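Notes follow once the structure below has been shown.
Numbering (my numbering), first residue to last: 9 to 327.
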């Protein structure tokens with residue numbers, strides 16, 4: 009979304025109107041789900057995607073009509089078996105796309121700058137789009153997802169979510185690089201100065217040199233992810249038992265299945281239940297038979313992507 013709004017700002021400042029096409033509802037099997045976006049300008053330049061194939065081509069055509077009429081539009085693609093074939097879709101399902109018209113007036117330029125400034129601050133923000141075909145349909149940036157008017161589509165576009173990597177060894181280093189390239193905010197924590205500095209972790213937002221057995225100075229929110237890849241079992245367990253007392257929705261720990269079974273036994277003796285340990289992802293990462301630190305980092309990042317997408321989907325369904 010940051011890239012989309014950056015391009016939108018560029019187009020508006022060059023006096024080019026634009027349309028933001030957003031999937032605001034979907035059901036069944038579709039190429040892209042709720043929260044997919046595509047930006048379209050008059051010269052048919054596009055950025056982003058709402059699924060590709062014929063449905064995207066149709067969306068581009070609708071966007072061009074919106075630019076011509078200067079009115080936003082809601083379009084429902086209700087795909088019967090014959091319609092699926094007509095649209096060139098391999099998978100079936102229903103998709104609702106809202107086409108928000110942006111004229112290059114000062115009001116829209118100010119709004120887009122507000123969104124870009126919100127990205128810089130890194131605070132929780134929601135995009136609220138009034139699904140109206142009026143030329144004056146509202147689009148807002150909000151600090152929460154509360155909206156009394158049910159005709160608004162709500163999507164969290166900025167999250168304070170941070171990934172905490174406990175352990176600055178080989179896996180932690182490679183994971184930081186992967187997360188940095190993905191644009192994920194993350195902090196590295198270790199008790200060894202040589203494995204906890206900005207020179208070693210140029211992609212990290214922060215590095216914290218601290219006693220692994222005393223992590224009271226670190227505050228984990230219900231938006232934060234915890235990755236445990238320290239240099240030893242005992243350190244892993246210290247971080248794990250501590251993180252279990254936080255609200256972190258994801259706690260991942262590296263290790264063999266044998267180590268994990270023993271770790272769970274120790275947690276149960278401390279009073280944690282099987283329900284408590286359900287948050288733990290261990291062995292950490294998606295099963296891709298990773299062996300090297302680079303491969304393990306990719307498997308962990310893939311699991312984080314999956315869990316973040318699941319959380320976002322659940323939050324949007326609850327909104």
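By construction, the Cβ of each residue, glycine as well, lies at the ideal position given by its N, Cα and C atoms. Everything numeric in this text was worked out from a predicted model, so none of it was measured.
Who pairs with residue i in a beta bridge, going by DSSP?
| i | result |
| --- | --- |
| residue 34 | 103 |
| residue 174 | 197, 236 |
| residue 54 | 48 |
| residue 260 | 235, 289 |
| residue 19 | None, per the DSSP bridge assignment. |
| residue 214 | 195 |
| residue 27 | 48, 109 |
| residue 164 | 134 |
| residue 10 | BP columns for residue 10 are empty, so no partner. |
| residue 150 | 134 |
Quick check on the DSSP output: the alpha helix (DSSP H) that includes residue i runs from which residue to which?
| i | result |
| --- | --- |
| residue 276 | 265-277 |
| residue 128 | 114-129 |
| residue 70 | 61-77 |
| residue 248 | 241-251 |
CB-CB under 7 Å to residue i, same chain, minus the five flanking residues each way: which ones, in chain order?
| i | result |
| --- | --- |
| residue 201 | 217 |
| residue 127 | 10, 166 |
| residue 302 | 182 |
| residue 152 | 134 |
| residue 111 | 25, 78 |
| residue 33 | 42, 104 |
Express the C-alpha separation of residue j and residue i in angstroms, rounding to a whole number.
| i | j | result |
| --- | --- | --- |
| residue 82 | residue 206 | 48 Å |
| residue 223 | residue 250 | 8 Å |
| residue 7 | residue 314 | Nothing about residue 7 can be read from this structure; the chain reaches only from 9 to 327. |
| residue 132 | residue 240 | 35 Å |
| residue 158 | residue 274 | 48 Å |
| residue 181 | residue 208 | 7 Å |
| residue 191 | residue 19 | 23 Å |
| residue 299 | residue 123 | 41 Å |
| residue 351 | residue 193 | Within the shown structure, residues of the chain are numbered from 9 to 327, placing residue 351 beyond reach of any answer. |
| residue 54 | residue 278 | 55 Å |
| residue 262 | residue 172 | 14 Å |
| residue 317 | residue 203 | 31 Å |
| residue 184 | residue 258 | 17 Å |
| residue 137 | residue 312 | 28 Å |
| residue 4 | residue 41 | Lying before the first or after the last residue shown, residue 4 is absent from the chain, which here runs from 9 to 327. |
Take residue i and list the residues in its own chain whose beta-carbon comes closer than 6 Å to its own, dropping the five residues that flank it on each side.
| i | result |
| --- | --- |
| residue 163 | 43, 135 |
| residue 97 | For residue 97, the predicted structure reports a pLDDT of 49, less than 50, and the residue's modelled location is therefore unreliable. A value from the coordinates is still provided. Result list for residue 97: empty, nothing under 6 Å. |
| residue 238 | 174, 175, 244 |
Quick one: is residue i near chain B, going by C-beta distance under 7 Å?
| i | result |
| --- | --- |
| residue 193 | You won't find chain B in this structure, because it holds only one protein chain. |
Can you tell me where the beta strand (DSSP E) holding residue i begins and where it ends?
| i | result |
| --- | --- |
| residue 84 | 81-86 |
Answer yes or no: the CB of residue i versus the heavy atoms of the ligand FMN, is any distance below 6 Å?
| i | result |
| --- | --- |
| residue 318 | With respect to small molecules bound, the structure shown includes none, and the ligand FMN cannot be examined in it. |
Suppose the cutoff is 8 Å on Cβ atoms and the five residues either side in sequence are ignored; what does the same chain contact list for residue i look like?
| i | result |
| --- | --- |
| residue 12 | 28, 45, 47, 55, 56 |
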